[in-house]
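Scroll down for the structure; my scribbles are underneath it.
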Amino acid sequence: LDASHLVLSTLHQPVISLKHVRHVSFQGLTIETCVGTGIRIEGGEAVNLLACTVRNTGLDGIAVEGGRRHEILSCDVYDTGTSGISLAGGDRQ
Numbered sequence: 378l379d380a381s382h383l384v385l386s387t388l389h390q391p392v393i394s395l396k397h398v399r400h401v402s403f404q405g406l407t408i409e410t411c412v413g414t415g416i417r418i419e420g421g422e423a424v425n426l427l428a429c430t431v432r433n434t435g436l437d438g439i440a441v442e443g444g445r446r447h448e449i450l451s452c453d454v455y456d457t458g459t460s461g462i463s464l465a466g467g468d469r470q
């Protein structure tokens, strides 16, 4: 254990929370070590996550609820508690 690296998080909120934002991009960002969700996007339009790394989360790595034209491209999402990427919304018609 002498060479071990221990990290403890008490952050229950998302590391990044975007509500009803438009035309925002994150590229090459690393989000890690939280009890909750790494990145949460609610509503909005054209939020882009490009080549980001999301890891070691207690819940979802990335959660998208509603909105339109969001993109998650070339992201590495791993070691999550519930799911890597969660998508909710859309129009079945």
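Numbering of the sequence shown is given in my numbering, commencing with residue 378 and proceeding in unit increments. Glycine is no exception: its CB is placed at the ideal position from the N, C-alpha and C atoms. This one's a predicted model, so the numbers in the text were calculated from it and none came from an experiment.
- Secondary structure at aspartate 379: coil, using DSSP grouped into helix, strand and coil.
- The three-state reading of DSSP puts cysteine 411 in strand, counting E and B together.
- Here the alpha carbons of valine 398 and glutamate 448 stand approximately 14 angstroms from one another.
- Around the beta carbon of arginine 445, fewer than 16 other beta carbons lie within 10 angstroms, which makes this residue exposed.
- Exclusion of the five residues before and after threonine 414 leaves Pro391, Thr434, Leu436, Asp437, Ala440 as the residues of its chain whose Cβ lies within less than 7 angstroms of its Cβ.
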